[in-house]
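Enquirer: Each residue of the sequence shown is one higher than the one before, starting from 27 at the first, in the working numbering.
Note that CB positions come from ideal geometry on N, CA and C, so glycine has one too.
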Amino acid sequence: MYEAEDDASGSFAFTTERDGVYRFCFFNTRNSNGESPETRVELNVDVGSASAGFTPLEQSVRSISDKLSAIQMEQRNIRQREKRHIYMRQREKRHKRLTDKTSRKVLMWSFLETLVLVGAGLAQVFFIKLYFNKAG
């Protein structure tokens with residue numbers, strides 16, 4: 027928390043470790059004339075090493091820290107993509123095994139169906155021949 031009294035102007039900088047939503051509250055309870063307090067407030071929010079109030083060394087450290095954070099975020103993204111890629115390859119292998127197994131079953135069923143049809147046709151020819159041989 028930052029507090030200042032009897033300041034006609036000034037600046038303040040703060041840093042955080044996390045991104046997020048921050049609230050700023052301003053109060054002016056005094057006035058030299060005894061009139062209702064009226065204040066003009068300008069608010070500039072800078073992110074990263076561009077923030078005011080840092081020495082050149084602090085700005086350099088902040089800049090490097092910001093770049094390091096960006097690199098770490100990119101590394102996390104790469105790891106997530108790699109995990110997703112591994113998952114997709116495993117999934118593809120499972121689907122290929124399932125497809126190959128189904129294909130073999132369909133092929134075997136087709137051979138069995140062909141044998142049954144050929145057998146039924148031969149049986150019909152045999153029984154028709156047998157019928158006409160007994161009739162004649």
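State yes or no: is the beta carbon of Arg66 nearer than 9 Å to at least one beta carbon in chain B?
Expert: Note that chain B does not occur in the displayed structure, where there is just one protein chain.
Enquirer: For Gln106 and Ala96, I'd like the C-alpha separation in whole angstroms.
Expert: The straight-line gap from Cα to Cα measures roughly 15 Å.
Enquirer: Secondary structure at Ala96, three-state DSSP: helix, strand or coil?
Expert: Three-state DSSP puts Ala96 in a helix.
Enquirer: In angstroms with no decimal places, state the Cα-to-Cα distance between Lys127 and Phe137.
Expert: When rounded, the distance between both Cα atoms is 16 Å.
Enquirer: Give me the Cα-Cα distance between Val67 and Arg102, rounded to the nearest whole angstrom.
Expert: About 40 Å.
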